[in-house]
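**Student:** To convert a position in the sequence shown, counted from 1, into our numbering, add 1.
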Amino acid sequence: MEKNAKIYVAGHRGMVGSAIVRELQRQGYGNLLTAPHAELDLTRQEAVEQFFSAEKPEYVFLAAAKVGGIMANAGALADFMYENMTMEMNVIHAAWKNGCKRLEFLGSSCIYPRLAPQPMPESCLLTGALEETNEAYALAKISGLKYCEYLNRQYGTDYLSVMPTNLYGPNDNYHPEHSHVLPALIRRFHEAKETNASEVVCWGDGSPLREFLYVDDLAELCVFLMNQYHGNETVNAGTGKEITIKALAELVAQIVGYKGKIAWDTSKPNGTPRKLLDVSKAAALGWRYKTELADGIRKAYEDFLSRGTRNG
2 MEKNAKIYVA GHRGMVGSAI VRELQRQGYG NLLTAPHAEL DLTRQEAVEQ FFSAEKPEYV
62 FLAAAKVGGI MANAGALADF MYENMTMEMN VIHAAWKNGC KRLEFLGSSC IYPRLAPQPM
122 PESCLLTGAL EETNEAYALA KISGLKYCEY LNRQYGTDYL SVMPTNLYGP NDNYHPEHSH
182 VLPALIRRFH EAKETNASEV VCWGDGSPLR EFLYVDDLAE LCVFLMNQYH GNETVNAGTG
242 KEITIKALAE LVAQIVGYKG KIAWDTSKPN GTPRKLLDVS KAAALGWRYK TELADGIRKA
302 YEDFLSRGTR NG
């Protein structure tokens, strides 16, 4: 990407989009295009097409998404599918229609089968059933990935898709019902510490294994791939390391300073038993994550404390 190229970051106020904006600015890209939801509703096709026709961005990072944890997904399956699929199709189609040089689509590791081989290579997509608790979101993300692939094959575009593992970091969502597991634990243990609660109850039995990537590391990879990677295959983004939810809860409690008991509600779902990405493709391209989990959680907790409001 040329330093003065017009670059549109869709979803710039979210955790991923804001990290991509920070990384682009750090690397000296000054012609960044953003549009808040109040000005541009990405679910409205006509509005998106008018925006692209007027602005003609040369590069697009598609980080806009409706996201949430198990509870949020399970309670709004139709909403998650409709909003994500509509946003993706509108932006990708408008980018193609208006001659965008390159587009990078941000997905999620939940696109892979629930019982995929571990670690999960990009090639295991569509080889088995999805995890039911986030199937609607996964189907939407698979559709965005496939649309980019089909445009490349049919029209010779150079669009790429990146599938990150579980993300966390600055500007995360700490809503008590709609957040993902790590920010939810940060909030829960912080509030328990503040109220001197004797016990914190977590969902499931703590056995699932999860991988976590600090969002600024993902942003660095996203810019790196936009500049260096040309191919019609998805690229996984992760650390190659995993931790049980039980060990994660204990680590978050330690960093936050909560000293009470951690209990487990086994009547609640665990979700996918294991979700480790095969990151050998990104490694072969010369990229590796930088932020270790404990250091990243400390930074995330500092961000949580600094923000005052906690997204509900």
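C-beta: ideal position from N, C-alpha, C; glycine also.
A quick note: this is a predicted structure, and the numbers were derived from the prediction, not measured.
Check whether the segment 231-244 and the segment 105-121 touch, using three or more Cβ-Cβ pairs below 8 Å as the test.
**Tutor:** yes
**Student:** Which residues bound the alpha helix (DSSP H) around Ile93?
**Tutor:** As a first step, residue 93 is located in the sequence shown; it is residue number 92 there, counting from the start. Element bounds for Ile93: Leu78 to Lys98.
**Student:** How should Ser307 be labelled, buried or exposed, when 16 other C-beta atoms within 10 angstroms of its C-beta is the threshold for buried?
**Tutor:** Position 306 of the sequence shown, counted from the start, is the residue given in the question as residue 307. Classification of Ser307: exposed, given that the 10 Å Cβ count is below 16.
**Student:** Kindly list the residues whose CB is nearer than 8 Å to the CB of Arg188, restricted to its own chain and excluding five residues on each side of it in sequence; keep chain order.
**Tutor:** Here residue 188 refers to the residue found at position 187 when the sequence shown is read from its first residue. Contacts found: Tyr175, Pro177, Ser180, Phe305 and Arg311.
**Student:** From the DSSP output, in three-state form, read off Pro165 for me.
**Tutor:** Counted from its first residue, the sequence shown places residue 165 at position 164. Reduced to three states, the DSSP call for Pro165 is strand.
**Student:** How many angstroms separate the CA atom of Glu132 from the CA atom of Glu105?
**Tutor:** As a working mapping, residue 132 is identified with position 131 in the sequence shown. As a working mapping, residue 105 is identified with position 104 in the sequence shown. The straight-line gap from Cα to Cα measures roughly 25 Å.
**Student:** How would you write the range of the alpha helix (DSSP H) that Cys101 sits in, first residue to last?
**Tutor:** One-based indexing of the sequence shown puts residue 101 at position 100. Element bounds for Cys101: n/a, residue is neither H nor E.
**Student:** Could you tell me the alpha carbon to alpha carbon distance between Arg115 and Pro274, rounded to whole angstroms?
**Tutor:** Here residue 115 is taken as the residue at index 114 of the sequence shown, counted from 1. Here residue 274 is taken as the residue at index 273 of the sequence shown, counted from 1. One C-alpha to the other measures close to 8 Å.
**Student:** If you count every other CB in all the chains shown that lies within 10 Å of the CB of Leu186, and 16 or more means buried, which is it?
**Tutor:** Start at 1 with the first residue of the sequence shown, and residue 186 comes out as number 185. Here Leu186 is buried. Its C-beta has 16 or more other C-beta atoms within 10 Å.
**Student:** Return the Cβ separation of Val163 and Leu226 in integer angstroms, given the expectation that the two are a contact with Cβ distance under 8 Å.
**Tutor:** Locating residue 163 in the sequence shown gives position 162, where the first residue counts as 1. Locating residue 226 in the sequence shown gives position 225, where the first residue counts as 1. With a Cβ gap of about 6 Å, Val163 and Leu226 count as contacting.
**Student:** So, using beta-carbon positions, are Val257 and Tyr302 closer together than 8 Å?
**Tutor:** What you label residue 257 is simply residue 256 of the sequence shown in a count that begins at 1. What you label residue 302 is simply residue 301 of the sequence shown in a count that begins at 1. Less than 8 Å separates the beta-carbon of Val257 from that of Tyr302.
**Student:** Using 8 Å as the threshold, is the C-beta distance between Ala55 and Met88 below it?
**Tutor:** Within the sequence shown, numbered from 1, the residue matching residue 55 stands at position 54. Within the sequence shown, numbered from 1, the residue matching residue 88 stands at position 87. No; because the gap between Cβ atoms is not below 8 Å, this pair is not in contact.
**Student:** Whole angstroms is fine: what's the gap from Arg299's alpha carbon to Leu41's?
**Tutor:** The residue given as residue 299 occupies position 298 in the sequence shown. The residue given as residue 41 occupies position 40 in the sequence shown. Cα-Cα distance, rounded: 34 Å.
**Student:** If I follow the unbroken alpha helix (DSSP H) through Cys149, where does it start and stop?
**Tutor:** As a working mapping, residue 149 is identified with position 148 in the sequence shown. Note, Cys149: alpha helix (DSSP H), Glu136 to Tyr156.
**Student:** Is there contact between the segment 211-224 and the segment 138-158, where contact requires at least three CB pairs shorter than 8 Å?
**Tutor:** no
**Student:** Out of Ala137, Lys276, Ala250 and Lys4, point me to the one whose CA is closest to Phe81's CA.
**Tutor:** As a working note, residue 81 is residue 80 in the sequence shown. Of the listed residues, the one whose Cα sits closest to Phe81 is Ala137.
**Student:** Grouping DSSP H, G and I as helix and E and B as strand, with all else coil, what is Asn228?
**Tutor:** Within the sequence shown, residue 228 is the residue found at index 227, counting from 1. Three-state result, Asn228: helix.
**Student:** Going by the CB atoms, is the gap between Leu278 and Glu212 shorter than 8 Å?
**Tutor:** The residue you call residue 212 lines up with position 211 of the sequence shown. The residue you call residue 278 lines up with position 277 of the sequence shown. Yes, Cβ-Cβ distance for Glu212 and Leu278 is below 8 Å.
**Student:** For the segment 197-210 against the segment 34-53, are there 3 or more C-beta pairs whose distance is under 8 Å?
**Tutor:** no
**Student:** Tell me which residue opens and which closes the beta strand (DSSP E) that Glu133 is part of.
**Tutor:** Translated into positions along the sequence shown, residue 133 becomes position 132. Careful: Glu133 lies outside any beta strand (DSSP E) and carries neither H nor E.
**Student:** Relative to the C-alpha of Thr134, which residue among Ala77, Gly287, His94 and Leu152 is closest?
**Tutor:** Translated into positions along the sequence shown, residue 134 becomes position 133. Closest option to Thr134, judged by alpha-carbon separation, among Ala77, Gly287, His94 and Leu152: Ala77.
**Student:** What are the start and end residues of the beta strand (DSSP E) that includes Leu63?
**Tutor:** Here residue 63 refers to the residue found at position 62 when the sequence shown is read from its first residue. Counting along the chain, the beta strand (DSSP E) containing Leu63 begins and ends at Tyr60 to Leu63.
**Student:** Tell me whether Met121 sits in a helix, a strand or coil according to DSSP, three-state version.
**Tutor:** Working through the sequence shown from its first residue, we reach residue 121 at position 120. Met121 falls in the strand class under three-state DSSP.
**Student:** For the beta strand (DSSP E) holding Asp1, just list the boundary residues, first then last.
**Tutor:** Absent from the model: residue 1. The displayed extent of the chain is 2 to 313, so no value can be given.
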